[in-house]
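S.K.: In this text, residue positions in the sequence shown follow my numbering: the first is 4, and each later residue adds one.
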Amino acid sequence: MKFCSHCGEARLELRVPEGDTHRRLVCAGCGTIHYQNPKVVVGCLPEWKGQVLLCRRAIEPRYGLWTLPAGFLENGETVTAGALRETVEEAHARVEIIDLYTLISLPQIGQVYMMFRAHLKDLDFGPGSESLEVTLCAEADVPWESIAFRTIARTLRNYFLDRRSGHFPLRVSALERPLPLPPDLRGAG
Ligand SMILES: [Zn+2]
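1) Given this structure, state the Cα-to-Cα distance separating N40 from G11, to the nearest angstrom.
2) First and last residue of the beta strand (DSSP E) that includes I107?
3) Collect the residues with a C-beta less than 6 Å away from any heavy atom of ligand 2 and give them in sequence order along the chain.
4) Compute the distance between the beta-carbons of H126 and A94, then report whether it is under 7 Å.
5) Whether or not the region 86–103 and the region 43–59 are in contact is what I'm after, with contact meaning three or more pairs of Cβ atoms, one per stretch, closer than 8 Å; do they touch?
6) Going by beta carbon distance, what residues of the same chain come within less than 7 Å of R160, once the five residues before and after it are set aside?
7) Kindly indicate which three-state DSSP category E1 falls into: helix, strand or coil?
8) Quick one: is P72 buried, meaning 16 or more other Cβ sit within 10 Å of its Cβ, or exposed?
9) Suppose the cutoff is 8 Å on Cβ atoms and the five residues either side in sequence are ignored; what does the same chain contact list for H37 look like?
10) Where do the N-terminal and C-terminal ends of the alpha helix (DSSP H) with F152 fall, by residue?
11) Under the DSSP definition of a beta bridge, which residues are partnered with E16?
12) Consult DSSP for G192 and reduce its assignment to one of helix, strand or coil.
13) Starting from G85, follow the alpha helix (DSSP H) in both directions and report where the run begins and ends.
14) What number of angstroms, rounded off, separates the C-alpha of H25 from the C-alpha of S176?
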């Protein structure tokens, strides 16, 4: 962000406002504080007779890798409406949401994932503009080495583990980016 969206002033300063705890972009002209907070990613884990619906990405990042239908929540949208919308957009699939299943914080990139378990209503699905292909996948056929995001891999792993007991508690967790290797270990492997 380079310009103040309130007054158009070009000088934004990064500093801790009085009484605050975090550095913020503050307009040097009008004093408006431009808060930047995490984005919410909402999506579905659609299931059909023991199989799950996976989409192969037609866009970067992670072009060609597999994921669950998910995307950024829009302003004015509830989390379930957003999850349903993403499932229609990416997989042309209609689902019935069962429950919130994984809630994953990614503090280093400022995102929160909310993935819902869902029943596929019918087999009338197919790739949306952001997908190369959409398929139903049994546990044994999941392409674990080609899953696009760690959040999605975690959601799928939890799901197949929990399915053995038939009990799907809400799984709240966090994914932190691994710390960089110290210089003397770089390139060692
Ligand atoms: Zn301003």
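No residue lacks a Cβ here, since even glycine has one placed at the ideal position from N, Cα and C.
M.R.: Working from what's here:
1) The residue you call residue 40 lines up with position 37 of the sequence shown. The residue you call residue 11 lines up with position 8 of the sequence shown. So the two alpha carbons sit approximately 21 Å from each other.
2) To locate residue 107, count along the sequence shown from 1; it is residue 104. Unbroken beta strand (DSSP E) run through I107: 98–109.
3) Ligands present in the displayed structure are limited to ligand 1, and ligand 2 is not among them.
4) The count along the sequence shown starts at 1 and reaches residue 126 at position 123. The count along the sequence shown starts at 1 and reaches residue 94 at position 91. The sequence shown places Leu at residue 126, rather than the His named in the question. Cβ distance not < 7 Å, so L126 and A94 don't count as in contact.
5) yes
6) For the purposes of this step, residue 160 is identified with residue 157 of the sequence shown, where counting begins at 1. So the list is empty, once near-sequence residues are dropped.
7) Residue 1 lies beyond the range of the chain shown here (4 to 192); nothing can be said about it.
8) Taking the sequence shown and counting its residues from 1, one reaches residue 72 at position 69. Buried is the call here.
9) Along the sequence shown, one-based indexing puts residue 37 at 34. Counting only Cβ-Cβ distances below 8 Å, and skipping sequence neighbours, we find M4, C7, S8, L15, R27, L28, V29, C30.
10) Within the sequence shown, numbered from 1, the residue matching residue 152 stands at position 149. Per DSSP, F152 belongs to no alpha helix (DSSP H) and is neither H nor E.
11) Residue numbering aside, residue 16 sits at position 13 when the sequence shown is read from its first letter. E16 is bridged to V29.
12) Working through the sequence shown from its first residue, we reach residue 192 at position 189. Because the pLDDT of G192 is 39, which lies under 50, any placement of that residue in the model is unreliable, and the number read from its coordinates should be weighed accordingly. The answer is coil: DSSP assigns G192 none of H, G, I, E or B.
13) Within the sequence shown, numbered from 1, the residue matching residue 85 stands at position 82. It spans 82–94 - the alpha helix (DSSP H) in which G85 sits, taken as one unbroken run.
14) Position 22 of the sequence shown, counted from the first residue, corresponds to residue 25. Position 173 of the sequence shown, counted from the first residue, corresponds to residue 176. Roughly 24 Å between the two C-alpha positions.
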